[in-house]
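Numbering (the working numbering), first residue to last: 24 to 596.
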């Protein structure tokens with residue numbers, strides 16, 4: 024990726040454009056690294072922090088950054104600030120392909136939101152997300168300080184199809200009307216490409232994804248004349264027919280708009296605790312699609328059923344009426360079509376009784392997605408990640424060693440500790456490699472957990488990782504209890520050649536070693552009956568320049584070595 028220099032009409036490059044280029048250069052460098060690194064790599068956080076700092080500087084001087092998205096470049100004030108010639112290999116083309124025409128970074132953006140954006144872009148490019156459409160992914164997560172504007176696909180002719188005031192025609196009639204409206208309105212160059220969802224709002228940057236307000240209002244059962252109304256089953260059938268027509272004519276680009284429409288309708292029905300209106304729509308989740316058209320519509324329903332607000336409304340309805348067969352049926356459809364989104368909300372659910380009830384109802388669906396759910400769990404920060412692991416344990420899928428290994432690299436030490444506890448009875452080469460790395464973890468509790476695990480079954484292969492710990496500068500900063508555990512375990516697995524490290528420590532060679540650590544090393548030289556150290560121990564015990572405690576420890580170690588030597592000599596008969 025590279026930046027192309029362009030001249031403004033005035034002949035001078037504005038400070039705003041230059042600052043934007045600076046920000047995007049930093050983003051570009053970070054993006055190129057983050058594409059290759061695992062999600063939990065420390066370098067990723069460093070890159071995100073640097074990008075956030077650059078954006079903060081831009082916002083302080085110039086306010087929100089609004090970029091125009093083209094297939095191969097980003098523009099600010101009609102000037103190119105980022106360019107990529109191989110667009111199909113990068114996120115610019117994907118954003119443009121999915122309908123994004125404006126990308127806004129608002130003041131107050133955090134590293135968490137930037138991390139979400141990078142994650143969603145990577146998932147969309149790699150096709151690893153449940154919904155590969157980047158617009159829908161962003162809409163579902165709704166970051167507060169990252170907004171997009173997309174191509175508007177409706178005209179006033181389309182909106183008449185959403186009106187609920189007239190008599191409801193048959194599904195076939197609706198399909199014909201939909202086709203006619205779209206054929207008459209379709210154009211290669213949309214006449215109104217950037218109409219916001221709420222066109223009467225002065226601050227367009229705060230509105231997010233584009234959709235006509237009238238369409239959303241009518242789908243939710245609200246018109247200017249009659250206010251809020253109950254969505255009816257007929258309206259649900261009407262919406263379904265409309266969406267089928269949209270997808271048949273527009274194909275996949277219509278999915279984003281369809282998902283917004285369905286989701287708005289479903290939320291409105293759930294708010295009134297009235298499921299009759301959405302039964303027709305939800306029936307799509309109960310069977311396998313038989314055609315490409317049905318497949319796209321089925322995919323749209325999956326997006327809707329994975330929506331955070333839909334799931335929250337459903338859980339609230341269940342809490343109010345846990346015995347409702349309709350709610351249970353909806354819950355099972357949600358679990359089948361979008362369990363990962365349901366799982367995220369269950370993790371944060373404070374009502375433990377309801378959480379247990381829901382988990383019992385959807386356990387069979389959870390088992391099919393155990394690998395993906397663990398990735399979701401490790402994607403949480405701080406306490407929610409712990410709750411996520413506990414939730415997985417409750418449904419019996421939080422103890423798979425191969426899947427849990429990723430959690431040992433989680434940035435939150437509590438998560439690493441929790442995963443280590445889950446793996447307490449597991450073995451394997453991959454786990455062994457992770458444990459050797461954790462032995463030098465920055466958190467004491469993690470290191471001690473590894474040592475306690477290894478103490479139960481000491482093995483010669485532990486010598487080298489323990490040796491690395493003993494030789495590290497960090498070891499000198501550890502507390503005495505931890506140093507003792509390392510040295511005790513080391514003396515149980517060490518080879519004669521490896522005793523050199525303990526001797527150096529005992530006799531105060533190399534790095535400055537504290538008195539307590541020297542005493543500890545001297546004690547273990549004696550317990551190991553280290554014969555090559557005897558002469559130096561005796562010399563140290565007679566020294567006039569050593570502290571009394573060191574001299575006594577040296578004498579004691581020498582005495583133990585001599586005792587061991589005498590015990591090994593057979594008595595004369």
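Note that CB positions come from ideal geometry on N, CA and C, so glycine has one too. Note that the structure is predicted; figures quoted are calculated from it, not measured.
Simplified DSSP state of residue i, which is helix, strand or coil
i, result
"residue 125", "strand"
"residue 333", "helix"
"residue 450", "coil"
"residue 206", "With a pLDDT of only 41 at residue 206, under 50, the local geometry of the prediction cannot be trusted, and no value is derived from it."
"residue 96", "strand"
"residue 132", "coil"
"residue 106", "strand"
"residue 49", "helix"
"residue 520", "helix"
"residue 58", "coil"
"residue 536", "coil"
"residue 170", "strand"
"residue 90", "strand"
"residue 374", "coil"
"residue 39", "helix"
"residue 559", "helix"
"residue 497", "helix"
"residue 116", "helix"
"residue 568", "coil"
"residue 430", "helix"
"residue 165", "coil"
"residue 349", "helix"
"residue 487", "helix"
"residue 480", "coil"
"residue 70", "helix"
"residue 530", "coil"
"residue 223", "Because residue 223 sits at a pLDDT of 28, beneath the cut-off of 50, its placement in the model cannot be relied upon, and the following sentence gives the value as read from the coordinates. Correct three-state label for residue 223: coil."
"residue 82", "helix"
"residue 552", "coil"
"residue 588", "helix"
"residue 463", "coil"
"residue 64", "coil"
"residue 101", "coil"
"residue 435", "coil"
"residue 502", "coil"
"residue 344", "coil"
Identity of the residue in the options nearest residue i by Cα
i, options, result
"residue 556", "583, 526, 140, 571", "526"
"residue 471", "439, 450, 116, 449", "439"
"residue 451", "126, 146, 428, 462", "428"
"residue 369", "336, 352, 565", "336"
"residue 79", "52, 412, 348, 45", "45"
"residue 599", "358, 509, 496, 168", "Residue 599 is absent from the model: the chain starts at 24 and stops at 596."
"residue 512", "523, 327, 481, 159", "481"
"residue 57", "498, 87, 127, 144", "144"
"residue 53", "77, 564, 39", "77"
"residue 372", "343, 344, 564, 339", "339"
"residue 453", "466, 465, 431, 441", "431"
"residue 326", "489, 125, 293, 158", "158"
"residue 51", "137, 447, 333, 537", "137"
"residue 39", "546, 479, 88, 523", "88"
"residue 465", "483, 495, 444, 540", "495"
"residue 83", "334, 383, 130, 497", "130"
"residue 166", "127, 382, 173, 445", "127"
"residue 488", "479, 474, 499, 500", "474"
"residue 364", "342, 333, 448, 286", "333"
is_contact[residue i, chain B] using C-beta, thresh 8 Å
i, result
"residue 460", "The chain inventory of the structure shown lacks chain B, comprising one protein chain alone."
Distance between beta carbons of residue j and residue i, contact taken as under 8 Å
i, j, result
"residue 597", "residue 43", "What is shown of the chain runs 24 to 596, which leaves residue 597 out entirely."
"residue 436", "residue 468", "7 Å"
"residue 552", "residue 521", "Rounded, the Cβ-Cβ distance is 15 Å, inconsistent with contact."
"residue 583", "residue 550", "7 Å"
"residue 107", "residue 115", "6 Å"
"residue 463", "residue 492", "6 Å"
"residue 330", "residue 163", "6 Å"
"residue 357", "residue 328", "5 Å"
"residue 538", "residue 572", "7 Å"
"residue 529", "residue 503", "At roughly 15 Å, the Cβ-Cβ gap does not stay under 8 Å, so residue 529 and residue 503 are not in contact."
"residue 160", "residue 171", "That belief does not hold up - the Cβ atoms of residue 160 and residue 171 are roughly 10 Å apart, past 8 Å."
"residue 543", "residue 506", "6 Å"
"residue 564", "residue 546", "With 8 Å as the limit, residue 564 and residue 546 do not qualify as a contact, their Cβ atoms being about 14 Å apart."
Segment contact flag, the region 63 to 76 with the region 90 to 98, C-beta cutoff 8 Å, min 3 pairs: no
Meets three-Cβ-pair contact criterion under 8 Å: the region 116 to 130 and the region 50 to 64: no
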